[in-house]
Structure formats: C-alpha cells, structure tokens
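In what follows, a structure is listed as structure tokens, so that the remarks can point back to it.
Numbering (UniProt numbering), first residue to last: 1 to 623.
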C-alpha cells in the first residue's frame with residue numbers, strides 16, 4: 001500500500017511540477033537548506049539553544065499546513081473514500097507519501113545537527129544520535145500529518161475557520177515582525193546570559209528535545225533514560241498515526257457545518273437593489289467558511305502585527321492597527337466574484353443588475369470591515385498615539401477604506417481567479433485558489449490610495465499648521481469616496497461588457513490544455529515563462545518587500561519622527577547625510593523589483609504571441 005501511494009505521488013509530481021511551482025520548490029528548498037545549515041552551526045554552541053531550534057522545526061512542521069493552506073495533499077484521502085481500505089493502513093500509506101519531497105530531506109539535514117552535538121558525548125552518544133535522527137524526522141512528519149487531519153475536520157465549522165485564521169495570522173506576523181524578536185533577544189541579553197531556566201526546561205521537555213535528552217543520557221551511561229526517550233518518540237509517532245486514521249474517517253464521511261446567522265438583513269434588503277445585494281452579501285460573509293477565514297485573518301493580522309512591538313516597549317504601531325486591518329481585508333477580499341463561482345449567470349440573465357451587484361458588494365464589505373477598523377484605530381491612537389497622530393490615522397483610515405472598497409470590486413472583475421464552486425469545496429477555507437499575485441497587487445494599490453491624505457498630513461506637520469494637518473481628514477474622506485465611486489463604476493461597466501467571458505473562466509476553472517499556458521481574466525491563455533525567468537520573477541516578488549518596507553519606508557519614517565532605535569535597519573546605522581539617501585535607495589530597489597516582477601511575464605507573453613502571429617502570417621503567405 002505504501003509503495004503504491006508513493007508511486008502515485010511521484011507520478012503526480014512528475015506531471016504537475018513546472019513554472020512557478022518548480023521555482024517556488026527550488027527557492028524554498030534553498031532557503032530551508034540554509035536554515036538547516038544554521039541549525040548544524042547552532043549545535044556546536046549550546047544544548048539549550050539547539051533544543052529551542054529543534055522546537056522551532058517541530059512547530060514549523062505542525063503549523064506549516066495552516067500557513068500554506070492545508071499542506072501538500074497531492075494524494076488526498078478523498079481519492080480513496082469509496083474504496084474498502086482500513087483507515088490505519090491508509091494513514092500509514094499517506095504518511096509514506098509525506099516523505100516524498102524536499103521538506104523531509106531538508107529536515108533530515110537539520111536534525112543531523114544532533115550528530116554534531118553528540119560528538120562531545122563519545123561513541124555511545126553518537127550511536128544514539130544516529131538512531132534518533134530518523135525518528136525525529138518521522139515524528140515531525142507524523143505530527144504534521146496529524147495537524148492536517150485536525151485542520152481538515154476543525155475548519156469545516158465557523159469556529160474552526162476563525163481559529164485557523166488566528167494561527168495563520170500569527171505565523172505571518174512572526175515572519176514579518178521577526179526583527180522585533182531579534183531585538184528583544186539583544187535587549188534582554190539572551191545571547192550571552194542564555195535562556196531563563198524555565199524556558200530551557202520547557203524546550204527540553206518538548207518532544208523535539210527528546211533526542212537531545214537521549215544523547216546526553218547515553219553520554220552519562222543512563223541507558224534507561226535513553227530507552228525511555230527513544231521509545232517515547234516511537235509511541236508518539238504511533239499515537240499520531242492512530243488519531244490521524246480516525247480523523248481521516250471523519251473527514252471523508254462528514255459534510256462541512258455552516259453557521260446560519262441570526263436575522264436576514266430585511267431592513268437593508270428593503271432599500272432597493274443595492275440594499276438587497278448588500279444583505280445577501282452580509283449573509284454570505286457569515287456563512288461562507290472561506291470568507292469567514294479571510295476576514296478574521298485580516299483582523300488578527302492587523303491586531304497582532306501592532307501588538308508584537310510591545311515586547312520591546314514600543315507603542316508606536318498601535319494607532320495603525322485599523323489601517324492594517326483594512327489593507328489586509330481588501331487584499332484578501334479582492335476575489336469576491338471568484339468566490340461565488342458560476343452564480344454570475346444570475347446576473348447575465350438579468351441585464352442591468354451589474355451596478356447594484358457591484359455597489360451592494362462594496363457596501364457589504366464596508367459594513368463588515370469599517371466598524372472593526374474604526375474601533376482599532378481609535379483605541380490604538382488613545383493608547384499609543386499622540387496629538388499629532390490623530391490626523392494621520394483618521395485621514396489614512398478614511399482613504400484606505402474608500403480605496404479598498406473600490407479596488408475589491410475592480411480587481412475582482414479585472415483579475416478574477418477561478419475557485420472551486422462553493423457547493424463542491426472540501427470544507428477547507430484555506431483553499432482560496434492561486435490568489436498570491438492578487439493579494440500582493442492589492443497590498444500595493446491600497447497603500448497608494450493613502451498617498452494624497454498622507455501628503456497633506458505631512459505638509460501640515462512640516463509647516464507646523466494643525467489646520468492643514470486636520471484638513472488631511474477631509475482629503476482622506478474625499479479621496480476614499482471618490483475612489484469607491486470611480487473604481488466601482490469601472491467595475492460594473494466591465495462586468496456588463498465581459499460577463500460571459502468571466503463566466504466561461506469560472507466554469508473552466510482556469511484550466512487549459514497541457515503546455516498552452518495559464519488562463520487570464522480575459523479568457524485567453526497566457527504563455528508560461530521558462531524555468532529560469534519564472535524563478536527570477538518568484539524571487540523578485542518574494543524578496544521585494546524587504547528593501548521596500550523594512551529597509552526603506554520604515555527607516556524613513558523613523559528618521560522623520562526622530563526615533564533613536566536603530567534595530568536592524570541599515571540606514572539608521574549610518575551617519576548623516578547618508579541615512580536618507582540609503583533608505584531612499586532601498587525604496588527604489590524594492591520598487592524596481594516589483595516593476596520587473598510584473599514586466600518580465602508581460603514582455604515574454606507579448607513577445608511569444610508576436611512571434612506566433614508572425615509565423616502564422618508567414619505560413620499564410622507561403623500557402
């Protein structure tokens with residue numbers, strides 16, 4: 001059974017790896033290998049530090065499926081739901097497929113650090129390490145499969161979708177705010193004084209520390225502890241498989257649970273076609289697990305992102321919690337029509353309803369997001385802001401609310417991403433489709449909509465004119481309202497003109513014949529990039545944010561506000577007059593990376609099509 005399933009996964013990978021997926025796999029493997037080598041280096045420093053790093057690998061495997069949208073399920077349990085296979089046998093076979101891929105190999109290299117650490121415990125310790133290393137890899141893979149099983153059952157309810165959003169947002173915040181944790185380690189002198197005793201005890205008692213305990217016990221000659229540690233790992237692997245097998249049964253035999261909200265929005269629905277669509281959308285936001293997950297992800301991300309700097313006693317980000325919620329909510333809501341699937345045909349058979357459909361969706365989004373954002377902004381500014389902060393936060397909040405409401409409608413029509421039909425989804429709200437590019441674009445565009453209001457607020461502070469600073473609030477409200485109306489107008493006109501093409505795209509699911517490329521929102525195939533160019537584009541989009549924000553915009557903000565902390569921002573470690581030029585250079589670098597990440601695929605697509613057209617004309621002339 002194990003061999004059959006492994007062969008199935010190899011066949012699936014052979015036919016599916018290519019383009020962006022291959023580039024992402026290569027880059028992810030290189031990044032993981034770098035971390036694994038770092039783990040081996042840590043092994044020669046301190047046992048407590050190695051135990052902490054092993055704990056990070058353990059939690060990375062367990063929480064990774066949440067962060068990546070359910071993990072790699074090239075071979076899904078649903079494929080075997082109609083076959084008379086024992087659940088434990090199926091779980092064992094699926095566990096075997098989990099060892100096929102780059103992550104287990106990278107983890108094997110990382111846990112090889114245990115052999116390096118065992119070098120100081122003699123031959124006995126080294127021998128035990130050779131036994132413990134494959135067991136540790138099997139443990140993290142088994143716990144990862146168990147987490148996927150728990151996730152597959154838990155997220156089939158509204159509460160589970162919200163909890164998954166909390167975990168997903170927490171991991172994103174940790175990745176984005178890792179500089180705070182590094183600075184906290186420096187501030188609390190952890191690098192020289194070591195971890196607190198309680199923390200060291202916790203990381204050593206975690207399952208990820210049992211291999212270290214076995215090696216140290218072997219060095220002391222305490223073979224009872226060695227046997228207990230190794231048998232404990234084996235028992236935990238067996239327990240994870242047993243629980244996972246039961247979860248597989250529940251996953252393949254139960255349907256998702258849908259929460260039915262109280263009330264029907266009758267008051268709103270009675271206010272014309274726009275109100276009726278808004279009421280329908282509000283009910284959908286409450287019932288659709290995918291929308292629930294995306295909305296709460298934005299809420300948790302904005303809140304946690306601004307709370308993490310409190311570790312180093314910095315309250316300066318609290319006023320921006322509401323703005324971050326709006327920006328992230330807009331980025332994750334920019335595929336509204338795609339999430340509804342082929343229900344678009346209801347609009348096509350009722351010409352003239354496009355305006356109400358777009359305006360109603362905009363209104364529903366504002367009713368969902370605006371109250372939360374306003375509460376976060378006011379509370380954050382009261383706690384962490386000053387007098388000059390109010391015009392900034394209120395003006396930018398108004399601007400991004402309006403800009404976001406307009407952009408979600410426009411991008412949803414212009415860059416629709418096909419998603420599985422609501423009635424055919426597995427119940428996993430993390431399977432939101434290939435929306436990464438859409439999210440990245442929205443993050444950039446929504447930020448741009450705040451520039452007019454931010455410019456006026458900056459002018460008021462620069463001239464020391466409070467009246468001008470508060471005028472920024474009016475500018476923010478005006479630009480927000482104008483962008484909502486303008487982008488919405490473009491969106492409903494585009495929907496009326498291209499409705500059949502969008503419906504065709506959603507019905508086809510974006511699939512094309514092998515080798516013909518990807519389907520665009522216009523309904524035509526996009527030529528795939530060569531592997532080298534695809535890897536370059538992936539690299540540009542993944543790393544462009546480092547020079548743009550952490551090394552560019554954030555240092556400029558800290559220079560302007562007169563902050564003393566230098567942290568890991570390169571520009572702040574320089575002397576005037578080089579600080580501002582270096583920060584601006586990083587901003588330009590990030591913008592250039594975004595530019596070429598966008599231009600390279602478009603140029604390749606255009607050049608390929610022009611060459612194909614030229615060849616077709618040549619053949620016609622010859623004929």
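Even glycine gets a Cβ: it sits at the ideal position worked out from N, Cα and C.
These numbers come from a predicted model, not from an experiment.
> In chain order, which alpha helix (DSSP H) runs of at least 4 residues are fully inside the stretch 106–158?
Replying inline: 113–117, 122–154
>> Three Cβ pairs or more, each shorter than 8 Å: is that satisfied between the stretch 461–479 and the stretch 405–421?
In response: no
> Using a Cβ-Cβ cut-off of 6 Å (strictly less than) and excluding sequence neighbours within five positions of residue 331, which residues of its own chain qualify?
Replying inline: Reading the chain shown from its first residue, position 331 is the one you call residue 331. So the qualifying residues of the chain are 439, 442, 443.
> According to the neighbour-count rule (16 or more other Cβ atoms, all chains shown, within 10 Å of its Cβ), is residue 581 buried or exposed?
Replying inline: One-based indexing of the chain shown puts residue 581 at position 581. Its Cβ having fewer than 16 others within 10 Å, residue 581 is exposed.
> Quick one: what does DSSP say residue 305 is sitting in, helix, strand or coil?
Replying inline: As a first step, residue 305 must be located in the chain shown, where it is residue number 305. Residue 305: helix per DSSP, three-state reduction.
> Counting along the chain, where does the alpha helix (DSSP H) carrying residue 348 start and finish?
Replying inline: Counted from its first residue, the chain shown places residue 348 at position 348. First-last of the alpha helix (DSSP H) with residue 348: 345–348.
> For residue 297, which residues of its own chain have a beta-carbon under 6 Å away from its beta-carbon, when the five flanking residues on both sides are left out?
Replying inline: Taking the first residue of the chain shown as 1, we reach residue 297 at position 297. For residue 297, where only same-chain residues beyond five positions count, the Cβ hits under 6 Å are 165, 168, 169.
> Are the beta-carbon atoms of residue 553 and residue 418 separated by less than 8 Å?
Replying inline: Residue 553 sits at position 553 when you count from the first residue of the chain shown. Residue 418 sits at position 418 when you count from the first residue of the chain shown. No.
> Which of helix, strand or coil does DSSP assign to residue 580?
Replying inline: Looking up residue 580 in the chain shown gives position 580. Three-state result, residue 580: helix.
> Under the three-state reduction of DSSP, which class applies to residue 544: helix, strand or coil?
Replying inline: Looking up residue 544 in the chain shown gives position 544. Note: residue 544 maps to coil in three-state DSSP.
>> Please tell me whether residue 213 and residue 198 are closer than 8 Å, where the distance is taken between their beta carbons.
In response: Taking the first residue of the chain shown as 1, we reach residue 213 at position 213. Taking the first residue of the chain shown as 1, we reach residue 198 at position 198. No, these two residues do not count as a Cβ contact at 8 Å.
>> Quick check: residue 293 and residue 91, are their CB atoms within less than 8 Å of each other?
In response: Taking the first residue of the chain shown as position 1, residue 293 is located at position 293. Taking the first residue of the chain shown as position 1, residue 91 is located at position 91. Cβ distance not < 8 Å, so residue 293 and residue 91 don't count as in contact.
> Whose C-alpha, out of 63, 163, 128, is nearest the C-alpha of residue 141?
Replying inline: Against the chain shown, residue 141 aligns to sequence position 141. Out of 63, 163, 128, 63 has the C-alpha closest to the C-alpha of residue 141.
>> Between the stretch 273–289 and the stretch 370–383, can you find at least three pairs of beta-carbon atoms closer than 8 Å?
In response: no
> Skipping 5 residues on each side, what residues in its chain have a beta carbon closer than 6 Å to that of residue 603?
Replying inline: On the chain shown, residue 603 is found 603 positions in, with the first residue counted as 1. Counting only Cβ-Cβ distances below 6 Å, and skipping sequence neighbours, we find nothing.
> Does the Cβ-Cβ distance between residue 317 and residue 233 come in under 8 Å?
Replying inline: Locating residue 317 in the chain shown gives position 317, where the first residue counts as 1. Locating residue 233 in the chain shown gives position 233, where the first residue counts as 1. Against a cut-off of 8 Å, the Cβ pair of residue 233 and residue 317 comes out as no contact.
> With residue 243 and residue 143 assumed to form a contact (beta carbons below 8 Å), what rounded beta-carbon distance in angstroms separates them?
Replying inline: Within the chain shown, numbered from 1, the residue matching residue 243 stands at position 243. Within the chain shown, numbered from 1, the residue matching residue 143 stands at position 143. Actually they do not touch by this definition, with Cβ atoms about 10 Å apart.
>> Between which residues of its own chain and residue 481 is the CB-CB distance below 7 Å, once the five residues before and five after are set aside?
In response: Here residue 481 is taken as the residue at index 481 of the chain shown, counted from 1. Closer than 7 Å at Cβ, skipping near neighbours: 402.
> Just checking my contact of residue 58 with residue 207 at CB under 8 Å: how many whole Å lie between their CB atoms?
Replying inline: Position 58 of the chain shown, counted from the first residue, corresponds to residue 58. Position 207 of the chain shown, counted from the first residue, corresponds to residue 207. Yes, residue 58 and residue 207 are in contact; Cβ-Cβ is about 7 Å, under 8 Å.
>> Rounded to whole angstroms, what is the Cα-Cα separation between residue 609 and residue 529?
In response: Your numbering for residue 609 matches position 609 in the chain shown. Your numbering for residue 529 matches position 529 in the chain shown. Distance between the alpha carbons of residue 609 and residue 529 is about 13 Å.
> Less than 8 Å separating the beta-carbons of residue 450 and residue 399?
Replying inline: Looking up residue 450 in the chain shown gives position 450. Looking up residue 399 in the chain shown gives position 399. Yes, they are a contact pair.
>> Going by beta-carbon coordinates alone, are residue 393 and residue 319 separated by less than 8 Å?
In response: Counted from its first residue, the chain shown places residue 393 at position 393. Counted from its first residue, the chain shown places residue 319 at position 319. In this structure, residue 319 lies closer than 8 Å to residue 393 by Cβ.
> What residue range is occupied by the uninterrupted alpha helix (DSSP H) comprising residue 372?
Replying inline: Here residue 372 is taken as the residue at index 372 of the chain shown, counted from 1. Taken as a continuous stretch (DSSP letters only), the alpha helix (DSSP H) holding residue 372 covers 354–384.
> For residue 314, which three-state DSSP category applies?
Replying inline: In the chain shown, the residue the question calls residue 314 occupies position 314. If DSSP states are grouped into helix, strand and coil, residue 314 belongs with coil.
>> Within a Cβ cutoff of 6 Å, which residues of the same chain sit near residue 124, ignoring the five residues on either side of it in sequence?
In response: One-based indexing of the chain shown puts residue 124 at position 124. Once the five neighbours on either side are set aside, the close Cβ partners of residue 124 are 218.
>> If you measure between the beta carbons of residue 347 and residue 499, is that distance less than 8 Å?
In response: Position 347 of the chain shown, counted from the first residue, corresponds to residue 347. Position 499 of the chain shown, counted from the first residue, corresponds to residue 499. It is a contact, given that the beta carbons lie within the stated cut-off.
>> Can you list, in chain order, the residues of its chain with a C-beta nearer than 8 Å to that of residue 102? Leave out the 5 residues immediately preceding and following it.
In response: The residue labelled residue 102 in the question sits at position 102 within the chain shown. Counting only Cβ-Cβ distances below 8 Å, and skipping sequence neighbours, we find 25, 28, 29, 32.
>> Assuming residue 401 is part of the alpha helix (DSSP H), what are its boundary residues?
In response: Your numbering for residue 401 matches position 401 in the chain shown. Segment 389–414, the alpha helix (DSSP H) holding residue 401.
>> Does residue 615 pass the burial test, meaning 16 or more other C-beta atoms within 10 Å, or should it be called exposed?
In response: Position 615 of the chain shown holds residue 615. Result: exposed.
> If you drop the 5 nearest sequence neighbours on each side, which residues of the same chain put their C-beta closer than 6 Å to that of residue 547?
Replying inline: Walking along the chain shown from the start, residue 547 turns up at place 547. These residues qualify, in order along the chain: 586, 589, 590.
> In chain order, which continuous runs of the alpha helix (DSSP H) of length 4 or greater are located wholly inside the stretch 429–492?
Replying inline: 436–448, 451–463
>> What does the alpha-carbon distance come out to for the pair residue 300 and residue 120?
In response: Here residue 300 corresponds to residue number 300 of the chain shown, with the count starting at 1. Here residue 120 corresponds to residue number 120 of the chain shown, with the count starting at 1. The alpha-carbon atoms of residue 300 and residue 120 are separated by roughly 45 Å.
> Within this structure, are the beta carbons of residue 338 and residue 416 separated by less than 8 Å?
Replying inline: Taking the chain shown and counting its residues from 1, the one referred to as residue 338 is at position 338. Taking the chain shown and counting its residues from 1, the one referred to as residue 416 is at position 416. Yes. Within cutoff.
> Alpha carbon to alpha carbon, how far is residue 607 from residue 495?
Replying inline: Here residue 607 refers to the residue found at position 607 of the chain shown. Here residue 495 refers to the residue found at position 495 of the chain shown. Cα to Cα, residue 607 sits roughly 29 Å from residue 495.
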